[in-house]
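**Student:**
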Amino acid sequence: MSGFVATAGETSFLASVKRAVQEAEASIAPMWPLNRWIAVNPWWGSRHLPVEHVDRLSMERAGYSLLMPPAYYRSCWQSGRISRQDLAYAIRESASGLTPADLISALEGEKVIGRAVVPSSMDVETSAGDRVVNVHILEQVSRVSGLYFDKRQSHWLEHNEDHGLLSAWLADLRYDYGLDQRVNLRGARKFLSGLSADADKIMTEAFKVLELSETEFEALVQKLLWSLNGWASWCQGVAWRSQQEGRESNLMRELVAVLLAWELCALQLKNTEQRLQWQADWQRYRRQSSVNTPQQIWWLWHRAFEAGYQRTLFKKLTAGGSGKPEAKFSIPEVQMAFCIDVRSEPVRRHLESANPGIQTVGFAGFFGLPISFRPLAPGKELPAVPGLLAPSYRYAETTGSGSDDRKLSRSRDQRELTRQSVRKAKYNSLSSFTLVETTGLAWAWKLLKDSFPNYARAKKEAATCTHGRLYHRHGGDPVTDGERAKLAEAMLRGMSLVDNFAPVIVFTGHGSHADNNPHQASLACGACGGQNGGVNARLAAELINDPEVRSRLRDTGISIPETTRAFAAEHCTVTDQITLFGLDETPETHRRRIRDLEGKLHQAGMSCRRERATSLGCNGLTDEELADSLARRTGDWSQVRAEWGLANNASIIFAKRSRTRALDLGGRAFLHDYDEHKDSDGKILEALMTAPMIVANWINLQYMGSVVAPDVLGAGNKLLHSVVGGNLGVVEGNNPDLRVGLPFQSVHDGKQWRHEPVRLTVVIDAPRKRIEAVIGSQPDVARLVENQWLWLCRFVDDGIEQYHHGEWVTVQVC
Numbered sequence: 007m008s009g010f011v012a013t014a015g016e017t018s019f020l021a022s023v024k025r026a027v028q029e030a031e032a033s034i035a036p037m038w039p040l041n042r043w044i045a046v047n048p049w050w051g052s053r054h055l056p057v058e059h060v061d062r063l064s065m066e067r068a069g070y071s072l073l074m075p076p077a078y079y080r081s082c083w084q085s086g087r088i089s090r091q092d093l094a095y096a097i098r099e100s101a102s103g104l105t106p107a108d109l110i111s112a113l114e115g116e117k118v119i120g121r122a123v124v125p126s127s128m129d130v131e132t133s134a135g136d137r138v139v140n141v142h143i144l145e146q147v148s149r150v151s152g153l154y155f156d157k158r159q160s161h162w163l164e165h166n167e168d169h170g171l172l173s174a175w176l177a178d179l180r181y182d183y184g185l186d187q188r189v190n191l192r193g194a195r196k197f198l199s200g201l202s203a204d205a206d207k208i209m210t211e212a213f214k215v216l217e218l219s220e221t222e223f224e225a226l227v228q229k230l231l232w233s234l235n236g237w238a239s240w241c242q243g244v245a246w247r248s249q250q251e252g253r254e255s256n257l258m259r260e261l262v263a264v265l266l267a268w269e270l271c272a273l274q275l276k277n278t279e280q281r282l283q284w285q286a287d288w289q290r291y292r293r294q295s296s297v298n299t300p301q302q303i304w305w306l307w308h309r310a311f312e313a314g315y316q317r318t319l320f321k322k323l324t325a326g327g328s329g330k331p332e333a334k335f336s337i338p339e340v341q342m343a344f345c346i347d348v349r350s351e352p353v354r355r356h357l358e359s360a361n362p363g364i365q366t367v368g369f370a371g372f373f374g375l376p377i378s379f380r381p382l383a384p385g386k387e388l389p390a391v392p393g394l395l396a397p398s399y400r401y402a403e404t405t406g407s408g409s410d411d412r413k414l415s416r417s418r419d420q421r422e423l424t425r426q427s428v429r430k431a432k433y434n435s436l437s438s439f440t441l442v443e444t445t446g447l448a449w450a451w452k453l454l455k456d457s458f459p460n461y462a463r464a465k466k467e468a469a470t471c472t473h474g475r476l477y478h479r480h481g482g483d484p485v486t487d488g489e490r491a492k493l494a495e496a497m498l499r500g501m502s503l504v505d506n507f508a509p510v511i512v513f514t515g516h517g518s519h520a521d522n523n524p525h526q527a528s529l530a531c532g533a534c535g536g537q538n539g540g541v542n543a544r545l546a547a548e549l550i551n552d553p554e555v556r557s558r559l560r561d562t563g564i565s566i567p568e569t570t571r572a573f574a575a576e577h578c579t580v581t582d583q584i585t586l587f588g589l590d591e592t593p594e595t596h597r598r599r600i601r602d603l604e605g606k607l608h609q610a611g612m613s614c615r616r617e618r619a620t621s622l623g624c625n626g627l628t629d630e631e632l633a634d635s636l637a638r639r640t641g642d643w644s645q646v647r648a649e650w651g652l653a654n655n656a657s658i659i660f661a662k663r664s665r666t667r668a669l670d671l672g673g674r675a676f677l678h679d680y681d682e683h684k685d686s687d688g689k690i691l692e693a694l695m696t697a698p699m700i701v702a703n704w705i706n707l708q709y710m711g712s713v714v715a716p717d718v719l720g721a722g723n724k725l726l727h728s729v730v731g732g733n734l735g736v737v738e739g740n741n742p743d744l745r746v747g748l749p750f751q752s753v754h755d756g757k758q759w760r761h762e763p764v765r766l767t768v769v770i771d772a773p774r775k776r777i778e779a780v781i782g783s784q785p786d787v788a789r790l791v792e793n794q795w796l797w798l799c800r801f802v803d804d805g806i807e808q809y810h811h812g813e814w815v816t817v818q819v820c
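Count along the sequence shown starting at 1, add 6, and that's the number in the numbering used here.
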């Protein structure tokens, strides 16, 4: 954190402020815009701490637990979801000395151990018995943040990029004449208006006046940030993306300064009695927080809950011995590469069942291609990579003809200019009311038309981007043949597909189609930055079909036969329809195979829809009616649950398909192909454990957070959402703080949770030493494993063993 300037005598003091603020800021996870939305691990900044310790800190500083309420575990116990065997396993693993009877007894009492809460001067009662209205303070900061960051809808505010968030907040105070009354603190406006616009000075002044230790100051700052988690997450996201682009952002520091300014204000304007009360609250907190009272019993119940899923998973994985045979062919008829997304698992299973000659492969949905996609004007360039990465290349859309490109670009430009004109009028202070009066009836037809579900748009979207050209993102030079060959090689080696090529290879991206859904990107491909994966699939197929790329691949030991042709496809996860692209360019030699493949894709889609019908409330329909019903969901603007997305994700498996082929894993497993024999130096495994595994962990823990703490880590009720700044985020009802995480409707069906909040189980088919080498060389992987943010396991000849505190322990599967 730059900006702290100290003399020699002040170095120690300022270092304490700097460390405390940095640690508190790190506890906030980043957030992405709605149109680039990706799943985020809400505890990413705490990965260096044991999960149970973070649970204690979360209760003290943010008011939530990482565990479900006792009633949830009691229900799972009574229904048999948690067995006595699972309880015994959790106790044995923890070496706690407790018995199943102890856990059952605690469950009947449902007693949850409370934690001390970090005090705030804004919580101390006034002499009249009233409180400074904390909620109105947070509303004031949220409102200013919304105006500051909203560059699209708030046309009434003049934005000055030279001024930061702190300056914008101070400027807003000068005209907020009702502030003192709203927050129930006389003199607040005057006090705050007199503060410096220097964030460092406010923070150091707060540290001096509050007279807290460094650890206590960190706890207070963390509590303040969590009280405004949405805007804090947005600032953290801006900082994350700025760092990827080589820039620095001070937004988090300025937000901390704003919140500390309010803390100072509330304390300085209180009388002596109230200040003494504030000090007494801190003394009480120090006494209570020093007592180590973790929720050990409830963590054992949660571990038993997770063990119940693992027991079922491991039984399936080991039922056939060390591995199941591949389909009985030397060269497959078709090879289809799917994203590792859990929604691909049922499709792969049903497709292989429809035709045993089809070999499916699991790989990250961006196919290892670090690109951003630039559509023909006026669309904005969007990254199509995981949030952990920055794109290196630009894939620019083209029809293949310069004149057609210009014609299409002009048409799209004109359409967008018309939309922008209407949008500008809607938000203009002079025309907003007259626009409604004069054009209200003109919108009636659109409302009526949108009331009749129409899924034509989904088909149209899937057909976009017929061709593309690849450029360097920085500099704009075309990518050379050598670079294209290296991209293709890395992609093929990453999916362990380096030989035995089929005549037809299909790269299958996936995407979701829904209307009137601000969180649509949460249902698209997370590996593609919240975009649909068809674009990445097209580029993958283009690279493999390139004769020059194939020639250069032969020099690396990868020989693709001339008879092999690559295609691109996209899997709609709402309808389970897989659309093949570029069929008009299919060679005569491959047309029969493609016709046969389309028939099998149709059959597999039908089977998947039947499998999902119950969870979507579509039982009792014929195959044709079910397909039509799901297709209509894509255009139904009143549908709050177009699909369940990645709900109930629970594991990721790195192994050859022979380990999982024909197994029904319930759409809960990420499946990534990995062959240890094609990874002699362990580099591929290292890449898998530092990228797909961490992305899956982010997805898994975001779903978990949205269930265990929906009020803090979830996006709330879709029916009450309002979009802020076009794509910035959503607020719920009258609360101006941004909502993070997943909407309630994405994880709950109105009667029960649709996602089981279990930590990710990772199962790898690789030697111990190779896995341990990655743990030893990759700090983030080590933190996630050692602090139990996920469970790391590996295949052995006769079963499964789990990594536990530096040792491998055999798991009893029965």
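Quick reminder that beta carbons are idealized off the backbone N, C-alpha and C, glycines included. Bear in mind that the values here come from a model prediction, so they are computed numbers and not experimental data.
(1) Along the alpha helix (DSSP H) that carries A575, what are the first and last residues, could you check?
(2) Taking the alpha carbon of G732 as the point to measure from, which residue in N41, S18 and L20 has its own alpha carbon closest?
(3) Whole-angstrom Cβ separation of L671 and Y680, contact assumed at under 8 angstroms?
(4) Between the beta-carbon of V227 and the beta-carbon of V264, is there less than 8 angstroms?
(5) Is the beta carbon of H727 sitting closer than 8 angstroms to the one on E738?
(6) Beta-carbon of D634 versus every beta-carbon of chain D: anything under 8 angstroms?
(7) Out of curiosity, what's the CA-to-CA distance linking E58 and W305?
(8) Would you be able to state if there are at least three C-beta pairs under 8 angstroms between the stretch 559-566 and the stretch 483-503?
(9) Measure the alpha-carbon distance for P645 versus L748 and round it to whole angstroms.
(10) Determine contact between the stretch 806-817 and the stretch 707-716, defined as no fewer than three beta-carbon pairs at a distance below 8 angstroms.
(11) So M128 and E269 are in contact, right, with Cβ under 8 angstroms, and what is the actual spacing, rounded?
(12) Looking only at its own chain, which residues have a Cβ that is under 6 angstroms from the Cβ of E220, when we skip the five neighbours before and after it?
(13) Run through DSSP, which three-state label would V819 get?
(14) Closest to K276 by CA distance: which of N361, R290, F197 and W246 is it?
(15) Which runs of the beta strand (DSSP E) at least 3 residues long sit entirely within the stretch 692-768? Give them in chain order.
(16) Going by DSSP, what residue range makes up the alpha helix (DSSP H) through F513?
(17) Pick from Y95, A205 and G374: whose alpha carbon is nearest that of P397?
(18) Count the other C-beta atoms from every protein chain shown that fall within 10 angstroms of the C-beta of P76, then say buried if there are 16 or more, exposed otherwise.
(19) Find out if the Cβ-Cβ distance for the pair S151, L176 is shorter than 8 angstroms.
(20) Taking only the alpha-carbon atoms, compute the straight-line gap between V391 and W38 and give it to the nearest angstrom.
(21) Return yes when the Cβ of R400 is within less than 8 angstroms of the Cβ of Y477, no when it is not.
(22) What does a CB cutoff of less than 6 angstroms around K330 pick up in its chain, not counting 5 residues either side in sequence?
(23) So what's I352 in DSSP terms, helix, strand or just coil?
(24) Closer than 6 angstroms by C-beta to E682: which residues in its own chain qualify, once you throw out the five before and the five after it? Chain order, please.
(25) Applying the 10 Å Cβ sphere with the 16-neighbour rule, what's the burial state of R499?
(26) Would you report the Cα separation of S613 and H356, rounded to the nearest angstrom?
(27) At what residues does the alpha helix (DSSP H) containing Q808 begin and finish?
(28) Taking 6 angstroms as the limit between beta carbons, can you name the residues of its chain near Y78, skipping five residues before and five after?
(29) Taking only three categories from DSSP, how would you classify C624?
(30) Checking the sheet assignment: what are the DSSP bridge partners for D679?
(31) Within the continuous alpha helix (DSSP H) that includes S52, where are the two ends?
(32) Does the beta-carbon of Y315 have 16 or more other beta-carbons within 10 angstroms, so that it is buried, or is it exposed?
(33) How big is the Cα-Cα spacing for Q751 and N703?
(34) Out of L798, N741, L796 and K229, which has the shortest C-alpha to C-alpha gap to S148?
(35) Where E164 and T405 are concerned, what is the direct C-alpha to C-alpha distance, given to the nearest angstrom?
(36) Less than 8 angstroms separating the beta-carbons of A530 and G517?
**Tutor:** Quick answer:
(1) Numbered from 1 along the sequence shown, position 569 holds the residue referred to as residue 575. Unbroken run through A575 is the beta strand (DSSP E), R571 to C578; no alpha helix (DSSP H).
(2) Along the sequence shown, one-based indexing puts residue 732 at 726. The shortest C-alpha separation from G732 is found at N41.
(3) Indexing the sequence shown from 1 puts residue 671 at position 665. Indexing the sequence shown from 1 puts residue 680 at position 674. That pair is no contact at about 16 angstroms.
(4) By 1-based counting over the sequence shown, the position of residue 227 is 221. By 1-based counting over the sequence shown, the position of residue 264 is 258. Result no, Cβ atoms of V227 and V264 do not sit closer than 8 angstroms.
(5) Working through the sequence shown from its first residue, we reach residue 727 at position 721. Working through the sequence shown from its first residue, we reach residue 738 at position 732. Cβ distance < 8 angstroms, so H727 and E738 count as in contact.
(6) The structure shown contains no chain D, having only a single protein chain.
(7) Numbered from 1 along the sequence shown, position 52 holds the residue referred to as residue 58. Numbered from 1 along the sequence shown, position 299 holds the residue referred to as residue 305. Near 8 angstroms, if we compare the C-alpha coordinates of W305 and E58.
(8) yes
(9) To locate residue 645, count along the sequence shown from 1; it is residue 639. To locate residue 748, count along the sequence shown from 1; it is residue 742. A quick correction: the sequence has Gln, not Pro, at residue 645. Cα-Cα distance, rounded: 16 angstroms.
(10) no
(11) Position 122 of the sequence shown, counting from 1, holds the residue named residue 128. Position 263 of the sequence shown, counting from 1, holds the residue named residue 269. The pair is a contact, with the Cβ atoms about 7 angstroms apart (cut-off 8 angstroms).
(12) The residue you call residue 220 lines up with position 214 of the sequence shown. For E220, where only same-chain residues beyond five positions count, the Cβ hits under 6 angstroms are S22 and A26.
(13) Position 813 of the sequence shown, counted from the first residue, corresponds to residue 819. In the structure shown, V819 sits in coil (DSSP, three-state: anything other than H, G, I, E or B).
(14) For the purposes of this step, residue 276 is taken as residue 270 along the sequence shown, with counting starting at 1. Here the closest residue by C-alpha is F197.
(15) 727-730 and 735-738
(16) Within the sequence shown, the letter at position 507 stands for residue 513. No alpha helix (DSSP H) holds F513; the beta strand (DSSP E) holding it covers V510 to G517.
(17) In the sequence shown, the residue the question calls residue 397 occupies position 391. Closest option to P397, Cα to Cα, is G374.
(18) Numbered from 1 along the sequence shown, position 70 holds the residue referred to as residue 76. P76 is buried by the Cβ-count criterion.
(19) Here residue 151 refers to the residue found at position 145 of the sequence shown. Here residue 176 refers to the residue found at position 170 of the sequence shown. Cβ atoms of S151 and L176: not closer than 8 angstroms.
(20) Here residue 391 refers to the residue found at position 385 of the sequence shown. Here residue 38 refers to the residue found at position 32 of the sequence shown. Straight-line Cα distance between these residues: approximately 13 angstroms.
(21) Residue mapping note: residue 477 aligns to position 471 of the sequence shown, counting from 1. Residue mapping note: residue 400 aligns to position 394 of the sequence shown, counting from 1. Taking 8 angstroms as the Cβ cut-off, Y477 and R400 qualify as a contacting pair.
(22) Counting from one through the sequence shown, the residue named residue 330 turns up at place 324. Any reading at K330 must be qualified, since the residue scores a pLDDT of 47, below 50, and its modelled position is unreliable; no value is offered.
(23) As a first step, residue 352 must be located in the sequence shown, where it is residue number 346. Sequence check: residue 352 is Pro here, not Ile. It is helical.
(24) Within the sequence shown, numbered from 1, the residue matching residue 682 stands at position 676. The answer, listed in chain order, is A772.
(25) Your numbering for residue 499 matches position 493 in the sequence shown. Buried, because 16 or more other Cβ atoms sit within 10 Å of the Cβ of R499.
(26) Locating residue 613 in the sequence shown gives position 607, where the first residue counts as 1. Locating residue 356 in the sequence shown gives position 350, where the first residue counts as 1. Their Cα atoms are separated by approximately 7 angstroms.
(27) Against the sequence shown, residue 808 aligns to sequence position 802. Taken as a continuous stretch (DSSP letters only), Q808 belongs to no alpha helix (DSSP H), being part of the beta strand (DSSP E) at G805 to H810.
(28) Indexing the sequence shown from 1 puts residue 78 at position 72. Same-chain partners within the cutoff: there are none.
(29) As a working mapping, residue 624 is identified with position 618 in the sequence shown. Reduced to three states, the DSSP call for C624 is coil.
(30) Taking the first residue of the sequence shown as position 1, residue 679 is located at position 673. Note: D679 sits in a beta bridge opposite A661.
(31) One-based indexing of the sequence shown puts residue 52 at position 46. Element bounds for S52: n/a, residue is neither H nor E.
(32) Taking the sequence shown and counting its residues from 1, one reaches residue 315 at position 309. Classification of Y315: buried, given that the 10 Å Cβ count is 16 or more.
(33) In the sequence shown, the residue the question calls residue 751 occupies position 745. In the sequence shown, the residue the question calls residue 703 occupies position 697. Taking the straight line joining both Cα atoms gives about 22 angstroms.
(34) Here residue 148 refers to the residue found at position 142 when the sequence shown is read from its first residue. It is N741.
(35) Within the sequence shown, numbered from 1, the residue matching residue 164 stands at position 158. Within the sequence shown, numbered from 1, the residue matching residue 405 stands at position 399. Low local confidence applies: a pLDDT of 42 at E164 is under 50, so the model's placement there is unreliable, and no value is given.
(36) Looking up residue 530 in the sequence shown gives position 524. Looking up residue 517 in the sequence shown gives position 511. It is a contact, given that the beta carbons lie within the stated cut-off.
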